[in-house]
Every structure is written in structure tokens, then in C-alpha cells.
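Written out below as C-alpha cells is the structure these notes cover.
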Amino acid sequence: MRTIQADNLIAVDVFCANHNVEISFISSLQQIGMIEITTVEKTEFIDADQLRELERFIRLYYEMDINLEGIETITHLLQRISSLQNEIIALQNKLRLYE
Amino acid sequence: MDFVDYYKLLGIPKTATSKDIKNAYRRLARKHHPDLNPNDNNAKKNFQQINEANEILSDPEKRKKYDQYGKDWQHSEEFEKARTSHERTSGSRGSRYSESETEGDFSNFFESMFGGAAGASRGRQAKYRGEDFNAELRLELIDAYKTHKQTLTVNGKNIRITIPAGIENGQTIKIAGHGGSGVNGGPNGDLYIAFSIVNHSKIKRLENNLYTSLDLDLYTAVLGGEITIDTLNGKVKLKVKPETQNGSRVKLKGKGFPVYKNEGHFGDLFITYIIQTPTNLTEKQKALFTELSKS
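Listed below in C-alpha cells is the structure:
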């Protein structure tokens, strides 16, 4: 995978070729603010930190037939679940004071 | 090796068309896919089965073999042929969600018939990062007090990690690149370690602060004095003010828990005094208390 090592970036076209997805899919995700694309000398790159999320979006879209609006909603709900789980852990830790 | 009814798994009749199979798979995948059920092992297991069923039934050749030999799986010779045949062919599309090797992607039934995950197609020849592994590490509170190294065995590999002082119960740290191997040359996944911190000491922790109670004799509470208390970092001398009330709390600044990844910084230690009333008083002591009560 062609990357700019220093910045940990992956070229969008290389990513799409490797993952066999359309560039328009990546552009759509960017347009709705689900991912960020960095442009360096007219070439578009994805930060490697976004790889995990991006591959999840690909699975939701291509394997489960979930459209972009669905992906956006699911992502929002998963973030809420994660935040609530963290809150539960914090509350459990607080409860330990009284055990 | 139990027989697995893939049709029943997907909730479709044997006469189902490829479109029916696809729809059934997608409907169930939306319910059980690990992406939609993070940290849910049951969903993960269900999805593996659904994926396996789809892997077979969506491929006409595999489906034919399954329909032919499925119920008579004990006939090993036929299955051996099926396996040999499978190894020469490329299969249908399966989920791109890679699973932990140790948990097994496919049932024994699947492996006996089709050669297991190694022989199964993962769809298009795309590069994917490997699966993220999740592990739980149990520490005693005292172990979380100091930065230390620990060796973990994850999927047969030993990994030596540094656990920074101040890690919290329920906190997860990421060890980059120590997850599953990437698919077709993709990068490795990451290892996520969730910490479970057990506390068998009298001292309680909330974030960076520590809380404890201390029995204080009546005389020291009334007249004041100096006491020695045990902390996680050894013994500390503490001055008790005269006329200290039961349930009153004092703060020992900087004697709490280390702040995570902030070396040299500590929370505070809060001590609540529990004043102990003397028992088994002598007649003389009783008289003195009586006299005191009248003063």
C-alpha cells in the first residue's frame, strides 16, 4: 500500500484499488463528514487512523446493503452506546466506594 | 462434528433462490454482524454461523454438494472428495470481516466438508487490515499504582507491554499492530486490552483520589495527637487536630493515586475518622467521665 510514511497517509486511489471499492463511495463519506480526506499536491489521502472505521463503513455498505444515511445513523448510535458504556464503568467505579 | 442445517440457520426453505439466500443473509447479518454488536461474543458466534451458511448456499457448486451429502456427513469418502474438489475451486463471496483464528471461523462440519477457512474464499482479492483482538487483564489495585511491565500471551504469541501507573478499572489501551494478520498484505489489526482492577484493600479509589476510613481513639480525637497511617506508598505520619469530630474528613494532598501518563502527579488521599468510644471502663474512668459531663 503506497503511503506517505511521515504523515501516515494512504492514497485514496490506492486504498480503493486494494479494497475494490469505488472512489465515489469514499467521496460520499467525506461529503457527509464521516471521514476526512487530506489533499497533498492534488492527490487525496486518507489518514491511516481512519482505516478501522472506513473498513467498517465498507462492510456495512457492501455486505449489509446499508446506505450512507444508515451508516451515519448506526455510527451515531454506536458512539452513544460507547459513551453510555463508559458512563456505566465510571458509575460502577463510583459505587465501589460504598461497597 | 454436528450436522449444521444451513437452510434452517438462514430461515429459508431448500427451494430458496439465490436472491432469497442473499436477502436472508443480509437480514441476519444486519442483526448479528460484529460491527453492529461490538464486544458481543454471542453475536460474533451467530454471525460466524450465518456467514458460513451464506458461504455455502450462495455458491451453486458448494450448495449442490451440501444438498447431496449434508445429511450423510458421516460418509467420509464423499467428503474427502468434496474437500479435494473445493481446494481446486475458488469459492463464493464471504464476509470480509476477519475473525480470530483461535475461536475458529467455521464449524467442524464446514471444515470437514469444505476444508475450513483456509480454503474458503474471502471474496474479492482486496487488502484488509487484520482483525482487532480484545483481551482482558486483571490487576490488583496495588499493581496499578506503579508503572510495570507484564508479558501477555495473545493467540500463542507473547507480548511484553508496559502498563502505566494510574490505569483505571474499565480502561482500554490499544497495542497497535498486535491484532490479527492483515488479509492479502493489508496491515495487522490492533490489540485492545481492557483492564479490570480488583481491590482487596481497605482503601477505595475514585479516579485519582483514594478514600479510606480510620479508627481514632476518643482521647486522641479530643486532645489531638500524631498517628501513623498505611497508604499504598508506605506509612505516613499524620497530625490529628484537637476536638476532631466523628465522621470528619481530612485530605492528604498528593498522597492519592498516580495520574495516568502524568509522571510525578498524584491525586489526594481522603481519610474519614471513625471515633471509637472506650469500652470496659473502670469505676474510676466512669467517675471521671461523670465529672467531665458536669463541667
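Chains B and L, in that order, are what the protein sequence lines are. Per numbering that gives the first Met the number 0, the first sequence starts with residue 0, numbered consecutively. Per numbering that gives the first Met the number 0, the second sequence starts with residue 0, numbered consecutively. Even glycine gets a Cβ: it sits at the ideal position worked out from N, Cα and C.
For this session: Compare the C-beta of L:Asp19 against all C-beta atoms of chain B and say whether one is closer than 8 Å.
Result: Here residue 19 of chain L is taken as the residue at index 20 of the second sequence, counted from 1. No, its Cβ sits nowhere closer than 8 Å to a Cβ of chain B.
Exercise. Is the region 237 to 252 of chain L close to the region 264 to 271 of chain L, with three or more CB pairs under 8 Å?
Worked result: yes
For this session: Give me the Cα-Cα distance between B:Arg95 and L:Lys203, rounded to the nearest whole angstrom.
Result: The count along the first sequence starts at 1 and reaches residue 95 of chain B at position 96. The count along the second sequence starts at 1 and reaches residue 203 of chain L at position 204. About 7 Å.
Exercise. Any C-beta of chain L sitting closer than 8 Å to the C-beta of B:Ile73?
Worked result: By one-based count along the first sequence, residue 73 of chain B stands at place 74. Yes, its Cβ sits closer than 8 Å to a Cβ of chain L.
For this session: Quickly, what does DSSP pair L:Asn157 with across the bridge? List them, please.
Result: In the second sequence, counting from the first residue as 1, residue 157 of chain L sits at position 158. Beta-bridge pairing links L:Asn157 to L:Thr152.
Problem set entry | Sub-8 Å separation of L:Glu225 and L:Lys236 beta-carbons | Within the second sequence, residue 225 of chain L is the residue found at index 226, counting from 1. Within the second sequence, residue 236 of chain L is the residue found at index 237, counting from 1. Closer than 8 Å, so yes.
For this session: Would you grab the beta carbon distance between B:Glu59 and B:Ile73 for me? Rounded to a whole angstrom, and I think it's under 8 Å.
Result: Looking up residue 59 of chain B in the first sequence gives position 60. Looking up residue 73 of chain B in the first sequence gives position 74. Reading the sequence as shown, one finds Leu at residue 59 of chain B and not Glu. Contact flag correct, Cβ pair sits at about 7 Å.
Problem set entry | Element boundaries [alpha helix (DSSP H), containing L:Ala143] | Within the second sequence, residue 143 of chain L is the residue found at index 144, counting from 1. Careful: L:Ala143 lies outside any alpha helix (DSSP H) and carries neither H nor E.
For this session: Could you tell me whether the region 15 to 32 of chain L touches the region 43 to 57 of chain L, where touching means 3 or more Cβ pairs closer than 8 Å?
Result: yes
Exercise. Three-state secondary structure (DSSP) at L:Thr271?
Worked result: Locating residue 271 of chain L in the second sequence gives position 272, where the first residue counts as 1. In this structure, L:Thr271 counts as strand in the three-state DSSP scheme.
For this session: Compare the C-beta of B:Ile88 with all C-beta atoms of chain L and state if any pair is closer than 8 Å.
Result: Along the first sequence, read from residue 1 onward, the residue named residue 88 of chain B stands at position 89. Yes, contact with chain L.
Problem set entry | the region 156 to 185 of chain L: positions lying closer than 9 Å to chain B by Cβ | Glu167, Asn168, Gly169, Gln170, Asn183, Gly184 and Gly185
Problem set entry | Short Cβ contact (8 Å threshold) for L:Asp189 with L:Asp131 | Indexing the second sequence from 1 puts residue 189 of chain L at position 190. Indexing the second sequence from 1 puts residue 131 of chain L at position 132. Yes, the pair counts as a contact, with Cβ atoms nearer than the cut-off.
Problem set entry | Residues that L:Gly224 bridges to, as DSSP identifies them | Translated into the one-based positions of the second sequence, residue 224 of chain L becomes position 225. For L:Gly224, which the question treats as bridged, DSSP gives the partners L:Val239.
For this session: Can you give me, in chain order, the residues of the region 210 to 228 of chain L that have a beta carbon less than 9 Å from any beta carbon in chain B?
Result: Tyr210
For this session: With DSSP collapsed to three states, give me the class of L:Glu135.
Result: Here residue 135 of chain L refers to the residue found at position 136 when the second sequence is read from its first residue. In this structure, L:Glu135 counts as strand in the three-state DSSP scheme.
Problem set entry | Residues near L:Thr219 by beta carbon distance below 6 Å, same chain, minus five either side | As a working mapping, residue 219 of chain L is identified with position 220 in the second sequence. Result list for L:Thr219: Val239, in chain order.
Exercise. In chain L, what lies closer than 7 Å to B:Met63 by C-beta?
Worked result: Along the first sequence, read from residue 1 onward, the residue named residue 63 of chain B stands at position 64. Arg25, Ala28, Arg29 and His32, listed in chain order.
Exercise. When the Cα atoms are used, what is the spatial distance from L:Ile49 to B:Glu21?
Worked result: Taking the second sequence and counting its residues from 1, the one referred to as residue 49 of chain L is at position 50. Taking the first sequence and counting its residues from 1, the one referred to as residue 21 of chain B is at position 22. The alpha-carbon atoms of L:Ile49 and B:Glu21 are separated by roughly 27 Å.
Exercise. Within 10 angstroms of its Cβ, does B:Tyr97 collect 16 or more other Cβ (buried), or is it exposed?
Worked result: Here residue 97 of chain B is taken as the residue at index 98 of the first sequence, counted from 1. Its Cβ having fewer than 16 others within 10 Å, B:Tyr97 is exposed.
For this session: Identify every residue that forms a DSSP beta bridge with B:Tyr60.
Result: Numbered from its first residue, the first sequence carries residue 60 of chain B at position 61. Beta-bridge pairing links B:Tyr60 to no other residue.
Problem set entry | Selected residue, minimal CA-CA separation from B:Ile70, among B:Asn7, B:Ile31, B:Asp12 and B:Glu40 | Position 71 of the first sequence, counting from 1, holds the residue named residue 70 of chain B. If we check each option's Cα against that of B:Ile70, B:Ile31 comes out closest.
Problem set entry | Cα-Cα separation between L:Asn232 and L:Leu140, rounded to whole angstroms | Taking the second sequence and counting its residues from 1, one reaches residue 232 of chain L at position 233. Taking the second sequence and counting its residues from 1, one reaches residue 140 of chain L at position 141. L:Asn232 and L:Leu140 have their C-alpha atoms some 12 Å from each other.
For this session: Assign L:Ser195 to one of three DSSP states: helix, strand, or coil.
Result: Within the second sequence, numbered from 1, the residue matching residue 195 of chain L stands at position 196. Assigned with DSSP and collapsed to three states, L:Ser195 falls in strand.
For this session: Return the CA-CA distance between L:Asn22 and L:Gly10, expressed in angstroms with no decimal places.
Result: Walking along the second sequence from the start, residue 22 of chain L turns up at place 23. Walking along the second sequence from the start, residue 10 of chain L turns up at place 11. In this structure, the alpha-carbon of L:Asn22 lies about 11 Å from that of L:Gly10.
For this session: Report, in whole angstroms, the separation of the C-beta atoms of L:Phe256 and L:Asn198, which I expect to be a contact under 8 Å.
Result: Taking the second sequence and counting its residues from 1, the one referred to as residue 256 of chain L is at position 257. Taking the second sequence and counting its residues from 1, the one referred to as residue 198 of chain L is at position 199. Between L:Asn198 and L:Phe256 the Cβ distance is about 11 Å, and since that is not below 8 Å, they are no contact.
Exercise. Anyone know if the C-beta pair for L:Ile160 and L:Gln149 falls short of 8 Å?
Worked result: Within the second sequence, residue 160 of chain L is the residue found at index 161, counting from 1. Within the second sequence, residue 149 of chain L is the residue found at index 150, counting from 1. Between L:Ile160 and L:Gln149, the C-beta spacing is below 8 Å.
Exercise. Skipping 5 residues on each side, what residues in its chain have a beta carbon closer than 8 Å to that of B:Gln49?
Worked result: Here residue 49 of chain B refers to the residue found at position 50 of the first sequence. Excluding sequence neighbours, B:Gln49 sits near Ile34 and Glu35.
Problem set entry | Inter-residue spacing [alpha-carbon to alpha-carbon] between L:Ile20 and L:Ser57 | Residue numbering aside, residue 20 of chain L sits at position 21 when the second sequence is read from its first letter. Residue numbering aside, residue 57 of chain L sits at position 58 when the second sequence is read from its first letter. Spanning the two alpha carbons is a distance of roughly 7 Å.
Exercise. Got a sec? Which residues, its chain only, sit under 8 Å from B:Ala89 by beta carbon, not counting five neighbours each side?
Worked result: As a working note, residue 89 of chain B is residue 90 in the first sequence. Nothing meets the Cβ criterion.
For this session: Go through its chain and collect everything with a Cβ distance to B:Ile25's Cβ below 6 Å, but skip five positions before and after it.
Result: Translated into positions along the first sequence, residue 25 of chain B becomes position 26. Closer than 6 Å at Cβ, skipping near neighbours: Val11.
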